[in-house]
Every structure is written in C-alpha cells, then in structure tokens.
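K.L.:
Once you've had a glance at the structure underneath, I'll fire off some questions.
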Amino acid sequence: MMSDIGEAAAAEVHLSSQEFNEELINIKQIAKHLPIVLGSCSSELGQLKSDLLELQKKQNGLIDKMQVENQQLTETAQDGMCSRMYPLIKSYNDKLHRIKKEILSVHERTVKLKKRALRLQQIKEKEALYKEQKREEDLRREQELIGKPLPNK
C-alpha cells in the first residue's frame, strides 16, 4: 500500500516537472517575441501618452478659465448695484417691447390707409375721366343737334 502511494506521488511529481518544463519553454518563446510586440506598440503608446498629456493640459486650462468666470460671476452677483439694476432693466425692456408692438401696429394701419387712399384716388381719377368723356360726348351730341347752318341761296 505504501508503495502504491509512493509510486503515485512519484508519477505526480514527474508530471508536474514535465508541465513546468513545458511552461518554461512557453515563457522562453514568449520572451523572444515580447520585444517585437512591445516595439510595435511602443510608438502607439508613446503617441497616446502625449495625446493624453496634451488633453490633460487643455482640461486644466479650461478648469482655470471656468474658475475665473465663476469668481467674476459671484462678484457680480454680490454687487448690490447690479441687483438693483436688474428690475430697472427689465421694466425698460418691457417698455421697449410695448413701444415696438405699438410702432408695428401703427405701421400696419398706415400701410392699410395708404392702400385705401391709393384705391380711392384711382376711383376718383376714373370718375373724373368718365365725367370728362361724358362732357365731350354731350358736347358732340349738342353740336350734332344744333346742326349745320343751311347755305344761303
């Protein structure tokens, strides 16, 4: 029984040493190809690293600008004069909008009145032309009715 266990242990040790040797060979093969793989990736990784650093610099610049803008907005909001000016500006803006609407309304009415005046003027001109033609026609008829004097014989 002891010998069976010893033989099994020996066989197991022998298998594990074979696996170790195979793994060692695989590691050596990988080590041969590793510089080639790293060489092909190193230029891309270097470019990627420089791109990330540039992006980080730009982000930091934007963060600094945003902080300055926020500080300026905070200072402006805390200024009492500005807060008093906002309602005044709003009321003037409302007045401006009302005046613009009123001007637009007056403009529309003016355009309508001009069209109406033009139409009335055309009607008056037609009536005057009609009267003139009628007067000329009446004169012509009157001349025809009067007749021509008879020649004296």
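All you need for the working numbering is the position in the sequence shown, starting with 1, plus 19.
Cβ coordinates follow ideal geometry from the N, Cα and C atoms, glycine included.
Sorted by chain position, which residues of the same chain lie with C-beta nearer than 8 Å to M85's C-beta, five sequence neighbours on each side aside?
P.N.:
none
K.L.:
If you run the structure through DSSP and keep just helix, strand and coil, what is D98?
P.N.:
coil
K.L.:
Please work out which residues of its chain come closer than 6 Å, Cβ to Cβ, to K145, disregarding the five sequence neighbours upstream and downstream, and give them in chain order.
P.N.:
none
K.L.:
Under 7 Å, do S93 and C101 count as touching if we go by C-beta distance?
P.N.:
For the record, residue 93 in the displayed sequence is Thr; it is not Ser. Not closer than 7 Å, so no.
K.L.:
Tell me whether G65 sits in a helix, a strand or coil according to DSSP, three-state version.
P.N.:
When DSSP states are grouped into helix, strand and coil, G65 belongs to the helix group.
K.L.:
In three-state DSSP terms, what is G80?
P.N.:
helix
K.L.:
Does G180 come out as helix, strand or coil in the three-state DSSP assignment?
P.N.:
In the structure displayed, the chain extends from 20 to 172; residue 180 sits before or after that span and is not available.
K.L.:
Can you grab the Cα-Cα spacing for the pair Q78 / D70, in whole Å?
P.N.:
12 Å
K.L.:
Hey, how far is the Cα of K68 from the Cα of I46?
P.N.:
29 Å
K.L.:
Could you tell me if D157 is buried or exposed, where buried requires 16 or more neighbouring beta carbons within 10 angstroms of its beta carbon?
P.N.:
exposed
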